[in-house]
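Chemist:
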Amino acid sequence: MASKIALVTGASRGLGKDSVLALAKKGFDIILTYQTKKEFADEVVKEIETIGQKAFALSLDISSTAGFDQFVTEVKQVLDTQFASAKLDALVNNAGIGINESFETTTEETLDAMTNIHFKGPFFLTQKLLPLLNDGSSIVNTSSGLARFSFAGYSAYGAMKAAVDSLSRYQAVELGARKIRVNSIAPGAIETDFGGGAVRDSADYNQLVSSQTALGRVGLPDDIGSVVAFLCSDDSKWINAQRIEVSGGFRI
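Each residue of the sequence shown is one higher than the last, beginning at 36 in our numbering.
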């Protein structure tokens, strides 16, 4: 039986990388995107191939819709030439950046960037990829714990992620006729280079988060990828329109 195929944006490092590795272990072939670090993406492709699945990396700037038509054309070509398939079975909108800036000093340029990267980009990329998604596919949008709880300095980021949660529910309603499921995953604080590596590199910040988490530690990338893979698979076939926070019980 042919493998299912997942497209995961921003998968050359961090949570995206762990997600594609977890998907590969579940038997998915992978199309992954990167923005600038092709060498990192190529290494992830090799790791996926070591697991025994096919993988291909494509460049994508999620902040600019101008390149989306060309990207979709490239996805079609890769599906045909590399995977001998016409359609995708899962889409994970993971690409993003972190920013910590007070509400008082956030500029219009910063808010526009947050909107383009975290909301407008995934909104229109998903729209353009709909013809390439099989009926019965799964879409996973990446939200954040910061859409539920509030940390000073994340007003723009957290508000965009709250919008992602809302969008996911609307997508689930409108795509239900095609049996496409849409859920959002909301990681808590994770030890990666995201947001300048604050959780990973600051012992005080790490301890602060750990002390407010029921399970007593911050998250690791492999705490998240397996949940993404689960939501993309038939194991979660009756989970739809849900926001699933993966934070170890932070600020319950």
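All C-beta atoms in this analysis are idealised placements derived from N, C-alpha and C, irrespective of residue type, glycine included.
1) Does the beta-carbon of T108 have 16 or more other beta-carbons within 10 angstroms, so that it is buried, or is it exposed?
2) Do the segment 253-273 and the segment 193-210 make contact, defined as three or more Cβ pairs closer than 8 Å?
3) Straight-line CA distance for L50 to A121?
4) Tell me the DSSP bridge mates of E280?
5) The beta strand (DSSP E) with D124 in it runs from where to where?
6) Taking only runs of the beta strand (DSSP E) that begin and end inside the segment 86-114, which ones reach a length of at least 3 residues, in chain order?
7) If you count every other CB in all the chains shown that lies within 10 Å of the CB of I259, and 16 or more means buried, which is it?
8) Go through its chain and collect everything with a Cβ distance to G62's Cβ below 6 Å, but skip five positions before and after it.
9) Measuring CB to CB, does S172 end up less than 9 Å from L114?
10) In terms of residues, what are the limits of the beta strand (DSSP E) holding V175?
11) Might you give, ordered along the chain, the residues of its own chain that have their beta carbon closer than 6 Å to the beta carbon of A41, omitting 5 neighbours on each side?
12) Between the alpha carbons of K22 and L243, how many angstroms are there, rounded?
13) Please report the residue range of the beta strand (DSSP E) in which T68 lies.
14) Between the alpha carbons of D53 and I279, how many angstroms are there, rounded?
15) Whole-angstrom Cβ separation of I225 and V262, contact assumed at under 8 Å?
16) How about the segment 198-214 and the segment 69-87: do they share at least three Cβ pairs that are nearer than 8 Å?
17) List the DSSP bridge partners of G254.
18) What are the partner residues of L42, as DSSP defines its beta bridges?
19) Could you give the distance in angstroms between the alpha-carbon of V79 and the alpha-carbon of Q88?
20) So the candidates are S99, S282, K272; which of them puts its Cα closest to the Cα of A148?
21) Let me check understanding here. Comparing Cα to Cα, which of E84, E209, E139, S271 lies closest to Q162?
22) Which residue or residues does DSSP assign as beta-bridge partners of T248?
23) Less than 7 Å between C-beta atoms, sequence neighbours within five positions excluded: which residues of the same chain meet that for A16?
24) In three-state terms, what does DSSP make of R183?
25) Please name the residue or residues paired with R216 in a DSSP beta bridge.
Modeler: The relevant details are as follows:
1) Locating residue 108 in the sequence shown gives position 73, where the first residue counts as 1. When all chains shown are included, T108 counts as exposed.
2) Contact between the segment 253-273 and the segment 193-210 is absent, with fewer than three C-beta pairs closer than 8 Å.
3) Taking the sequence shown and counting its residues from 1, one reaches residue 50 at position 15. Taking the sequence shown and counting its residues from 1, one reaches residue 121 at position 86. Distance between L50 and A121, taken at the CA atoms: about 27 Å.
4) Start at 1 with the first residue of the sequence shown, and residue 280 comes out as number 245. According to DSSP, which records beta bridges pairwise, E280 is partnered with A221.
5) Reading the sequence shown from its first residue, position 89 is the one you call residue 124. Segment 123-128, the beta strand (DSSP E) holding D124.
6) If you keep only unbroken beta strand (DSSP E) runs of at least 3 residues inside the segment 86-114, you get 90-94.
7) For the purposes of this step, residue 259 is identified with residue 224 of the sequence shown, where counting begins at 1. That one is buried.
8) Here the question's residue 62 lines up with position 27 in the sequence shown. Beyond the five residues adjoining it in sequence on each side, G62 comes within less than 6 Å, by CB distance, of S38 in the same chain, given in chain order.
9) Counted from its first residue, the sequence shown places residue 172 at position 137. Counted from its first residue, the sequence shown places residue 114 at position 79. Taking C-beta atoms as the reference points, S172 and L114 fail to come closer than 9 Å.
10) Residue 175 sits at position 140 when you count from the first residue of the sequence shown. Its beta strand (DSSP E) spans residues 168-177.
11) As a first step, residue 41 must be located in the sequence shown, where it is residue number 6. L58, F63, I65, A125, C267, listed in sequence order.
12) Since the displayed the chain opens at 36 and closes at 287, residue 22 lies outside it and no answer follows.
13) The sequence position of residue 68 within the sequence shown is 33, counting from 1. Under the DSSP assignment, T68 falls in the beta strand (DSSP E) whose first and last residues are 64-69.
14) In the sequence shown, residue 53 corresponds to position 18, counting from 1. In the sequence shown, residue 279 corresponds to position 244, counting from 1. Between the alpha carbons of D53 and I279 lies a gap of roughly 17 Å.
15) Walking along the sequence shown from the start, residue 225 turns up at place 190. Walking along the sequence shown from the start, residue 262 turns up at place 227. In fact, because the Cβ distance is near 12 Å, the residues do not count as touching under 8 Å.
16) Taking 8 Å as the limit for Cβ pairs, the verdict is that the segment 69-87 does not touch the segment 198-214.
17) Along the sequence shown, one-based indexing puts residue 254 at 219. When DSSP reads this structure, G254 sits in a beta bridge with I225.
18) Within the sequence shown, residue 42 is the residue found at index 7, counting from 1. Bridge partners of L42: I66, L126.
19) Within the sequence shown, the letter at position 44 stands for residue 79. Within the sequence shown, the letter at position 53 stands for residue 88. Rounded to whole angstroms, V79 to Q88 spans 12 Å at the Cα level.
20) Against the sequence shown, residue 148 aligns to sequence position 113. Among S99, S282, K272, the Cα nearest to that of A148 belongs to S99.
21) Here residue 162 corresponds to residue number 127 of the sequence shown, with the count starting at 1. Q162 has its Cα closest to that of E209, out of E84, E209, E139, S271.
22) To locate residue 248, count along the sequence shown from 1; it is residue 213. Looking at the DSSP assignment, T248 forms a beta bridge with F285.
23) Look at the range of the chain in this structure, 36 to 287, and you will see that residue 16 is not part of it.
24) Sequence index remark: in the sequence shown, residue 183 carries index 148 (1-based). In this structure, DSSP gives R183 a state outside helix and strand, which the three-state scheme calls coil.
25) Numbered from 1 along the sequence shown, position 181 holds the residue referred to as residue 216. Beta-bridge pairing links R216 to S173.
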